[in-house]
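These protein sequence lines map, in sequence, to chains B and S.
Residues in the first sequence are numbered from 0 upward in steps of one, following numbering that gives the first Met the number 0.
Residues in the second sequence are numbered from 0 upward in steps of one, following numbering that gives the first Met the number 0.
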Amino acid sequence: MAATPTLPLKLLGRDWRGGELALIATALVLAVACVTAIAHFSDRLTRAMHIQSQTFLAAERVVRSSKPVDPAWIDEARDRGLERAETVSFASMLSAGEQFQFAAIKAVSAGYPLVGHLEMRTATEAPREVVARGPGAGEVWLEPRLLPLLELEMGDRLQVGEAELLVSGLLDHEPDRSDNLFSMGARVMMNIADLPATNIIQPGSRVRYRYLFAGDDAALESYFKWLEPRLTEHQRVIDLREGQPRVASALDRAESFLFLAGSLAVLLASVAVGLAARRYSLRHTAYVAVMKSLGAGRGKVLQIYIGQLVALALCATAVGLLIGSLVQAQAVTLMSDFFPVDPPPSSWSPLLVGLATGFACAFGFALPPLFRLARTDPMQTLRRDWSNPDRREWLGLVMGPASMLLLIWWLSGSLPITLALFAGMALLVGGSALVNRLLVRGQLASLGGAWRIALGSLQRRAAFNTLLIAAFGTGLLAMLALVFARTTLIEEWRMQLPENAPNHFLFNIAPHDVGRLRGFLDNNGIAATEIYPMVRGRLVAINDIPAKEREEQAGALRRELNLSWTDNLAPDNRIVAGNWWDKADEGVSVEVELAARLNLALGDKLRFSIGGLEIETHVASLRSLDWNSMRPNFYMLFAPGTLDDFPATYITSFYLPADQKLLVNELVRNYPSVSLIELDKIIERIRDTIGQVSLAIESVMALMLVAGVLVLVSGVRSSIAERLQEAAIIRTLGGRRGLLLKSLVIEFGLLGIAAGLLAAIGAEATLAILAMRVFELPFSLHPLLWLAGPVAGALLVGIAGTLACRSSVSQPPLKVLRELA
Amino acid sequence: MSAMLRAENLYHRVATSEGPLTLLNNISLQLARGESLAITGASGSGKSTLLGLLAGLDRPTEGRIWLAGDEITAMDEEQRAAVRARCVGFVFQTFQLLPGLTAQENVMLPSELRGDRNAAGRAAEFLARVGLEHRLGHYPRQLSGGEQQRVAIARAFASFSGNDGILFADEPTGSLDAGNGEKVIDLLFQLNAESATTLVLVTHEQRLAERCQAHLRMAAGEIQSADILPRDGGNLSEVSA
Numbered sequence: 000m001a002a003t004p005t006l007p008l009k010l011l012g013r014d015w016r017g018g019e020l021a022l023i024a025t026a027l028v029l030a031v032a033c034v035t036a037i038a039h040f041s042d043r044l045t046r047a048m049h050i051q052s053q054t055f056l057a058a059e060r061v062v063r064s065s066k067p068v069d070p071a072w073i074d075e076a077r078d079r080g081l082e083r084a085e086t087v088s089f090a091s092m093l094s095a096g097e098q099f100q101f102a103a104i105k106a107v108s109a110g111y112p113l114v115g116h117l118e119m120r121t122a123t124e125a126p127r128e129v130v131a132r133g134p135g136a137g138e139v140w141l142e143p144r145l146l147p148l149l150e151l152e153m154g155d156r157l158q159v160g161e162a163e164l165l166v167s168g169l170l171d172h173e174p175d176r177s178d179n180l181f182s183m184g185a186r187v188m189m190n191i192a193d194l195p196a197t198n199i200i201q202p203g204s205r206v207r208y209r210y211l212f213a214g215d216d217a218a219l220e221s222y223f224k225w226l227e228p229r230l231t232e233h234q235r236v237i238d239l240r241e242g243q244p245r246v247a248s249a250l251d252r253a254e255s256f257l258f259l260a261g262s263l264a265v266l267l268a269s270v271a272v273g274l275a276a277r278r279y280s281l282r283h284t285a286y287v288a289v290m291k292s293l294g295a296g297r298g299k300v301l302q303i304y305i306g307q308l309v310a311l312a313l314c315a316t317a318v319g320l321l322i323g324s325l326v327q328a329q330a331v332t333l334m335s336d337f338f339p340v341d342p343p344p345s346s347w348s349p350l351l352v353g354l355a356t357g358f359a360c361a362f363g364f365a366l367p368p369l370f371r372l373a374r375t376d377p378m379q380t381l382r383r384d385w386s387n388p389d390r391r392e393w394l395g396l397v398m399g400p401a402s403m404l405l406l407i408w409w410l411s412g413s414l415p416i417t418l419a420l421f422a423g424m425a426l427l428v429g430g431s432a433l434v435n436r437l438l439v440r441g442q443l444a445s446l447g448g449a450w451r452i453a454l455g456s457l458q459r460r461a462a463f464n465t466l467l468i469a470a471f472g473t474g475l476l477a478m479l480a481l482v483f484a485r486t487t488l489i490e491e492w493r494m495q496l497p498e499n500a501p502n503h504f505l506f507n508i509a510p511h512d513v514g515r516l517r518g519f520l521d522n523n524g525i526a527a528t529e530i531y532p533m534v535r536g537r538l539v540a541i542n543d544i545p546a547k548e549r550e551e552q553a554g555a556l557r558r559e560l561n562l563s564w565t566d567n568l569a570p571d572n573r574i575v576a577g578n579w580w581d582k583a584d585e586g587v588s589v590e591v592e593l594a595a596r597l598n599l600a601l602g603d604k605l606r607f608s609i610g611g612l613e614i615e616t617h618v619a620s621l622r623s624l625d626w627n628s629m630r631p632n633f634y635m636l637f638a639p640g641t642l643d644d645f646p647a648t649y650i651t652s653f654y655l656p657a658d659q660k661l662l663v664n665e666l667v668r669n670y671p672s673v674s675l676i677e678l679d680k681i682i683e684r685i686r687d688t689i690g691q692v693s694l695a696i697e698s699v700m701a702l703m704l705v706a707g708v709l710v711l712v713s714g715v716r717s718s719i720a721e722r723l724q725e726a727a728i729i730r731t732l733g734g735r736r737g738l739l740l741k742s743l744v745i746e747f748g749l750l751g752i753a754a755g756l757l758a759a760i761g762a763e764a765t766l767a768i769l770a771m772r773v774f775e776l777p778f779s780l781h782p783l784l785w786l787a788g789p790v791a792g793a794l795l796v797g798i799a800g801t802l803a804c805r806s807s808v809s810q811p812p813l814k815v816l817r818e819l820a
Numbered sequence: 000m001s002a003m004l005r006a007e008n009l010y011h012r013v014a015t016s017e018g019p020l021t022l023l024n025n026i027s028l029q030l031a032r033g034e035s036l037a038i039t040g041a042s043g044s045g046k047s048t049l050l051g052l053l054a055g056l057d058r059p060t061e062g063r064i065w066l067a068g069d070e071i072t073a074m075d076e077e078q079r080a081a082v083r084a085r086c087v088g089f090v091f092q093t094f095q096l097l098p099g100l101t102a103q104e105n106v107m108l109p110s111e112l113r114g115d116r117n118a119a120g121r122a123a124e125f126l127a128r129v130g131l132e133h134r135l136g137h138y139p140r141q142l143s144g145g146e147q148q149r150v151a152i153a154r155a156f157a158s159f160s161g162n163d164g165i166l167f168a169d170e171p172t173g174s175l176d177a178g179n180g181e182k183v184i185d186l187l188f189q190l191n192a193e194s195a196t197t198l199v200l201v202t203h204e205q206r207l208a209e210r211c212q213a214h215l216r217m218a219a220g221e222i223q224s225a226d227i228l229p230r231d232g233g234n235l236s237e238v239s240a
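Printed below as a string of structure tokens:
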């Protein structure tokens, strides 16, 4: 017959004062709160990135084509209930009276953009308006800098090909502009209905057609499944991944880092759960022996204690989920700038992650001690011996780590991160046993007095100390690994953004402006990089084989490249093979990583298509460069003179100190056709982001510290009864309180040094794997880590352990002996 | 009268680092329902081991035991636990009350383990029988040693789900002063007589042993001597070494 259902709950409630259940619950709450907060944060970040990616595409998916597609494709999309829009982009000359200007024209259909919005003004001084549709038929919107170039006013008429359109708006923002930042000319947006009247598009014209789609995920999926076999080599589907901006990889990295920190907090909390559960199980050996004497079988004992564990795990997990959800809501508010768009509400999945964490911690680590408890021999009631005779601890050694491995793998989504963590942990546990043996076999006891007592204590608890060293070591390992990984991570980010790096880019500089602009910069004492010419062209063949065949190896082949030429090798460029312009052997210098992806070697023939014309050249040199230098850099640098026949615009970058910032206004006023990017503002934003990411990491580390203290308290509580008895006997025999205190400091100090030393080894190993496999950082040894580990260990464990044990030396010995009798 | 407890040729050996050690050597005995047996002997004589085997807490290396008609030596741990839940009560030297439970909840425990939903009423009834009806809500730490042992006795009697109860007591007065010890023993025998339960107790006290109908003296795992007192009706318990 089953025990009454309320019995587990009653025993749970009545046993709360014992302390272990509170420790288990606190550790579970901490682990669940930590993981839930990170999972919520990550979920919302992913959703925000998803939305932003769609915004970058102005749709959910896009078909890009160099020719109009079969109208049946669009009809099919309509039949499947998808939203559709179309854009046609091309470059053309505009005219207004006597003024002419080359421009990048985009004709848009009704419905554009399907995702995101346009920003425009109806007058130069008018406020920006957010609109969901492009210009109406007969109207045109211009990028503001075109107005002075064409000497136009709002309401004037603009000649586009053979059509005359009304200038009705100034275009400030279009969602899918990013892919043609360096395109020739300023943007003009018109209605697609006016396109035939312009008569611009003729057979052979370079035109890019984009077909935009949005709608239900399943409908999109089935439509593109239908479409895929119909696509030709002129058409390509662009999905969210390609729409994702580069900042996504940085955010991904921050997310992995947070999950790594969170996983370590969970691991520590689990160790605390395991220690507390072990103590709980030992303390309950007598209870179970009595219950068994009264007729409870092993099944019934398990039913009672697992019932308690389930109830405890449910309550603690619920509290953890609540705290985690509240913390993430607060964190998202604090870090709103961190998100590319307003983060949408979180889904249910983070709650599931929290729930799984709570139960993995509880069951992985607390269940094995309960299984041992259920095997208690009822004869112990008659022998009055409450030691746990079951020495088979293998279940705990397998179940706990296995559940954590699966959980952390699931949480981090990365086997390398998980294996790196466990490699460090395995090293730590093995090392703990070794160090513990060396510690108790050493000659330190010959130092006498407190040393002898401390060493005796370490010796008596040799097996358990191995666990303690491993547990403290885990905490220290986590902290050391985090501190050093974080320092390295931020160092790398900082290295990407060197001080005094150029913080302004100027592009779309017309050839006739180059000389004047150089004079303007020189006169104002601004040191600019070289002003590079730039021609857009596509690599179409390598050694007479169409480059398309190597598109998989390099995305650069799918788009037009910025081609340039110069006599001077930039300081961050270095020739790694071949020669820099040998008069007898001119050709093209190729960036070394692109060359590797394309399997290019010196002398290989390359054919480029530029503005419909093709030129052939060969690889003259391979060049390494630093993309993070904030200087204009190019995959392809030609020998001077090679591209003279093609129309070029120019690009440069320069560093402008904050106190000279007002020069920007003068520059914009004097050179209205030039486009300016203020990198200093972007850099500031990135630095803010790093600060905010650090804040998030610090918060998780604070939780880890709490988890570390929980491990310590759980560990010390496990041995407190024994310690009370030993201290009472020593004091009864005349030992002074000071002597006992000193022995505690030595004991925990030595444990701390051992744990710190092992943590340093583990952290170094973890950092090595993380650096190479996950963060792709160069690895180097960290001498400071080897000092910080033992010192931090001795201080942390020494102080915390002594404090946690101080009751064992402060209680009157008679009282202790009577209570323990 | 049918045998409530019967043991045949019990041997119990354990493995030690110095080789096998014999704890019990060829013990046989039989007790009828309502009889009482005292087991005495020096420390290490095997009396507690014998008590544990008779109660089904462990299995002998050799030999057979029948408890309330069931051969518990042929049962696994779970089946023996079920027999204990039905007809075995225990009183321990150090009371073994769960400190987190009140007196009433401690007495409720065996009934709750059986799934008895009237555990509270039953516990209150037994506590009243041991004179502790005013101490239901008190925790063990709030009770004197004598009171704690009375709670333990109430719990032992609450362990029986039917009429075939057998109570095992391990040094029931070992942790009590003489006065309290005397009161506890009186109570134990009074309840034993009222409920017609069978009683097996291990004790060092000669006076306590003399109150039982059978007295078995043990030394080095063997029965040294046995006194069997005549009872009404002429039936005798059988003890053999």
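By construction, the Cβ of each residue, glycine as well, lies at the ideal position given by its N, Cα and C atoms.
Note that the structure is a prediction, hence the values are computed from the model and not measured.
Pick from the options that is closest to residue i, judged by C-alpha positions
i: S262(B); options: A477(B), L426(B), L732(B), S64(B); result: A477(B)
i: P343(B); options: V159(B), V513(B), I50(B), Y649(B); result: I50(B)
i: A902(B); options: M398(B), F364(B), R517(B), D216(B); result: Past the edges of chain B, shown from 0 to 820, lies residue 902(B), and the structure says nothing about it.
i: R630(B); options: W564(B), A527(B), D521(B), L757(B); result: A527(B)
i: A754(B); options: V309(B), G429(B), I468(B), V589(B); result: I468(B)
i: D78(B); options: F212(B), S652(B), V309(B); result: F212(B)
i: Q379(B); options: L479(B), R459(B), H283(B), I614(B); result: H283(B)
i: A80(S); options: L743(B), R374(B), G737(B); result: R374(B)
i: A47(B); options: S280(B), G18(B), W564(B), G115(B); result: G115(B)
i: L170(B); options: L757(B), I303(B), A192(B), T123(B); result: T123(B)
i: A84(S); options: P147(B), V289(B), D581(B); result: V289(B)
i: I322(B); options: P4(B), A38(B), T616(B), S292(B); result: A38(B)
i: A30(B); options: G429(B), S563(B), L266(B), A540(B); result: L266(B)
i: A67(S); options: A122(S), Q92(S), E132(S), Q29(S); result: Q29(S)
i: V808(B); options: I719(B), L259(B), D643(B), V796(B); result: I719(B)
i: A419(B); options: T765(B), W15(B), D42(B); result: T765(B)
Chain-order list of residues whose beta-carbon lies under 8 angstroms from that of residue i (same chain, five-residue window excluded)
i: L190(S); result: R128, V129, I152, F156, T196
i: S143(S); result: N179
Rounded distance between the beta-carbons of residue j and residue i, thought under 8 angstroms
i: T35(B); j: G319(B); result: 6 angstroms
i: L655(B); j: I525(B); result: 6 angstroms
6 angstroms Cβ shell around residue i - same chain, five flanking residues per side excluded
i: V272(B); result: I23, A26, C360, F364, A365
i: P19(S); result: R12
i: N179(B); result: Unreliable placement is indicated for N179(B), whose pLDDT of 44 sits below 50; the coordinate value is still reported in the next sentence. Once the five neighbours on either side are set aside, N179(B) has no close Cβ partner at all.
i: E142(B); result: L170, A185, R186
Inset, instruction - Would you check if the stretch 209-225 of chain S and the stretch 53-72 of chain S touch, i.e. whether three or more CB-CB distances between them fall below 8 angstroms? - result: Three or more Cβ pairs closer than 8 angstroms define a contact, and the stretch 53-72 of chain S falls short of that threshold against the stretch 209-225 of chain S.
Legend entry - Given 8 angstroms, three or more beta-carbon pairs between the stretch 149-157 of chain B and the stretch 103-110 of chain B: no
Inset, instruction - Determine, using beta-carbon pairs with one atom in the stretch 33-41 of chain S and one in the stretch 198-216 of chain S, whether at least three such pairs fall under 8 angstroms. - result: yes
Legend entry - Contacting positions in the stretch 51-64 of chain S - beta carbon closer than 7 angstroms to chain B: G51, L56, D57
Inset, instruction - Compile a chain-ordered list of the residues in the stretch 292-306 of chain B whose CB is closer than 7 angstroms to at least one CB of chain S. - result: Here the close residues are S292, L293, G294, A295, G296, R297, G298, K299.
Inset, instruction - Say whether the stretch 3-16 of chain B touches the stretch 301-308 of chain B, bearing in mind that this needs 3 or more beta-carbon pairs closer than 8 angstroms, one atom from each stretch. - result: yes
Legend entry - Under 9 angstroms (Cβ pairs) to chain B, residues found in the stretch 109-122 of chain S: P109, S110, E111, L112, R113, G114, D115, R116, A118
Inset, instruction - Give a yes or no on contact between the stretch 649-661 of chain B and the stretch 529-549 of chain B, applying the rule of three or more CB pairs nearer than 8 angstroms. - result: yes
Legend entry - Cβ pair count under 8 angstroms reaching 3, the stretch 50-69 of chain S against the stretch 130-139 of chain S: no
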